[in-house]
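Asks: Going by our numbering, the first residue of the sequence shown is number 5, and it counts up by one from there.
All C-beta atoms in this analysis are idealised placements derived from N, C-alpha and C, irrespective of residue type, glycine included.
Quick caveat: nothing in here was measured; it's all calculated off a predicted structure.
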Amino acid sequence: MLKYWIWLSTREGVSNVQALSLLSRLGSAAAIYQADEDALKDADGRPVSASLLDKSLTGSEIILQQCYQKNIHVMTIQDAQYPARLRAISDPPIVLYYKGVFPAIDTSPVIAMVGTRKASAYGLMQAKRLGYQVAKSGGIVVSGGADGIDTMCLTGALSADRPVIAVLGCGVDVVYPAGNRVLFEDIAAHGCLLSEYPPQTPALGSHFPVRNRIISALSLGVVVVEAPKRSGALITANRALEQGRDVFTVPGNVGTATCEGNIQLLREGAIVVEDGWDIMKEYVHLYPELVSHQPKTIPMQLTPEQRKSAVKSTDKLPPRPKKTQKKETSPASTDTKVIDKSENRAYIDVQEILGALSPDEKAAIGQLTSGEKHIDQIIAATQLPAARITSALTLLQIKGYVCALPGKRFSLAEKQS
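1. Go ahead and pull the three-state DSSP assignment for tyrosine 101.
2. Would you identify the three-state DSSP class for glutamate 286, choosing helix, strand or coil?
3. Determine the closest residue to glycine 273 out of Ser415, Arg89, Leu416, Val254, with distance taken between C-alpha atoms.
4. To the nearest angstrom, report how far apart tyrosine 8 and leucine 197 are at their CA atoms.
5. Whole angstroms are fine: how far does the CA of serine 235 sit from the CA of serine 220?
6. Can you tell me whether leucine 6 sits near the ligand NAD, meaning its C-beta is under 8 Å from at least one heavy atom of the ligand?
7. Is the Cβ-Cβ distance between alanine 170 and aspartate 154 less than 9 Å?
8. Which of the three DSSP states is assigned to proline 51 in this structure?
9. In chain order, what residues of the same chain lie with their CB nearer than 6 Å to the CB of alanine 360, ignoring the 5 residues before and after it?
10. Between which two residues does the alpha helix (DSSP H) containing glutamate 246 stretch?
11. Taking the beta carbon of proline 410 as the centre, do at least 16 other beta carbons fall within 10 Å, making it buried, or is it exposed?
12. Does the beta-carbon of leucine 56 have 16 or more other beta-carbons within 10 angstroms, so that it is buried, or is it exposed?
13. Is the separation between the beta-carbon of valine 229 and that of isoleucine 283 shorter than 9 Å?
14. How should serine 296 be labelled, buried or exposed, when 16 other C-beta atoms within 10 angstroms of its C-beta is the threshold for buried?
15. Kindly provide the ranges of any beta strand (DSSP E) runs that are 3 or more residues long and lie completely inside the segment 168 to 209, ordered along the chain.
16. Is proline 389 closer than 9 Å to valine 18 when the C-beta atoms are compared?
17. Along the alpha helix (DSSP H) that carries glycine 151, what are the first and last residues, could you check?
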C-alpha cells in the first residue's frame with residue numbers, strides 16, 4: 005500500500021541506497037514496516053536508522069490525503085511506469101509525486117535542458133528556440149522549472165504542443181518561483197510536474213542539487229544552454245556523464261560571464277548545438293518513428309518581461325574575495341589526478357572559509373583535509389544522510405571549494421595561482 009512507501013521514503017536518516025538494500029532483502033515497503041529491529045540491521049549487523057522503528061503512519065496518511073485532495077499522483081520504484089532509466093542510477097528516489105500525465109519515459113526521446121537562472125537575452129532566446137525545435141522534432145523536454153533558462157526551454161517546448169516535464173526541488177503543489185504559476189498550470193495540463201518531495205515541501209536550497217540527478221537520469225542527453233563557470237547546470241552535466249548520458253552545449257559569446265561554462269564544456273568535448281536537430285539527430289536511429297527533421301525556424305522572440313529579466317551580455321559575475329578564490333576545476337572533468345600534499349600544490353585553507361559554510365558543508369569538507377575520499381566514506385564518517393552530503397558536496401563544488409574526481413571521489417580544490 006502507498007502509505008507504507010511514503011512512510012519509508014520519509015524516514016529521517018534512511019538514504020535511498022539504504023532503502024533499496026532493505027527492499028532487495030525484505031521485498032516491499034510493507035515488509036520493512038512490519039520488520040523488527042533485528043531484521044532492520046544492515047549487512048554488517050548495524051541498525052540502519054532508529055526512525056525505522058517509529059511505526060506511526062499518521063504522517064503518511066496526511067500526505068496521502070493531501071495527494072487525493074490536490075490530484076497528485078504517487079508512483080513507487082516498484083511500479084511498472086517507474087522509468088527504468090531512473091531506476092538504474094545508484095540513488096533513485098523510492099517515491100515520486102506528480103501532477104498531470106506522466107509520459108512513457110523509456111520509450112520516448114527525452115532531452116534535458118538546463119542553464120543559469122541569471123541568463124542573458126541571447127541565452128533566453130536560444131533556450132526558447134531550442135526547446136521548441138527539440139519538441140517539434142519529437143523530443144520531450146525535461147528541465148527544472150527555475151527562472152531563466154529552464155523557464156524558456158519549457159515555454160518553447162510547450163509552444164510546439166508537446167508534453168514537457170518539470171522536475172521540482174519542492175512539492176508539486178508549491179509554486180517556486182512564484183512567477184511561474186501560469187507556466188506550471190500549463191505544464192500540468194500538457195505534461196507533468198514531478199518531484200521526490202511530498203506535497204507542501206518548501207523549496208530549500210539543498211533540494212536543488214539533489215533534484216538534478218533526476219533531470220539527467222530521465223534523459224538521453226543533457227543540453228547546457230547557458231551557464232557561468234560555477235553553475236549547478238555544470239553539476240547536472242557531470243551527473244549526466246556519470247550516468248552515461250550525452251552532453252551538449254550551445255556555443256556562447258567568448259568573454260561573456262554567463263557563457264564561460266559553455267566554453268569549458270566545449271573544451272572537454274561536449275557536442276556543439278546550433279539548432280534542435282543537432283540534438284535530435286543523435287537519437288533518430290533509436291526512435292525512427294518518433295523523431296523527424298523539422299525545418300529550421302526563425303529565432304523565437306522574447307516578450308518585454310522576459311527581455312527585462314535578462315542580464316546584459318557584458319555583465320560580469322561578481323568577483324569572490326581574494327582569500328577564497330580557487331583554481332577552477334570542471335565538474336565534468338575526466339582528470340584522474342589524486343590529491344597530494346606536495347610542495348608544488350596549494351589547496352584551499354579550510355579554516356579560512358568555515359565561516360561561510362553551512363553545518364553540512366563544514367562536515368563534508370572537513371573529511372577532505374587529509375586527502376581525497378569516496379562519497380561513501382564521507383557519508384559514513386559524518387553519519388549524515390546521503391542526500392544531505394550529496395547536496396553539500398554539490399554546493400561546495402559550485403562555490404569552488406571542492407572538485408569532483410572520477411568514481412564519485414572528491415578532493416579539496418587547488419588555490420588559484
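Replies: This is what the structure gives:
1. Three-state DSSP puts tyrosine 101 in a strand.
2. Look at glutamate 286 here: in three-state DSSP terms it is helix.
3. Closest option to glycine 273, judged by alpha-carbon separation, among Ser415, Arg89, Leu416, Val254: Val254.
4. Cα-Cα distance, rounded: 23 Å.
5. Rounded to the nearest angstrom, the two C-alpha atoms are 15 Å apart.
6. Summarising the ligand content, the structure contains no ligands, and the ligand NAD is consequently not present.
7. Yes, the Cβ-Cβ distance between alanine 170 and aspartate 154 is below 9 Å.
8. Strand, per DSSP.
9. Exclusion of the five residues before and after alanine 360 leaves no residue of its chain whose Cβ lies closer than 6 Å to its Cβ.
10. For glutamate 246, the enclosing alpha helix (DSSP H) covers residues 236 to 246.
11. Only exposed fits proline 410, as fewer than 16 other CB atoms lie within 10 angstroms of its CB.
12. The residue in question, leucine 56, is buried, as its Cβ has 16 or more Cβ neighbours within 10 Å.
13. Remark: C-beta atoms of valine 229 and isoleucine 283 do not approach each other more closely than 9 Å.
14. With fewer than 16 other Cβ atoms within 10 Å, it is exposed.
15. You should have 168 to 171, 196 to 199.
16. Proline 389 is positioned such that its CB atom lies closer than 9 Å to that of valine 18.
17. Inspection of the sequence shows that residue 151 is occupied by aspartate rather than by glycine. Counting along the chain, aspartate 151 falls outside any alpha helix (DSSP H), and DSSP gives it neither H nor E.
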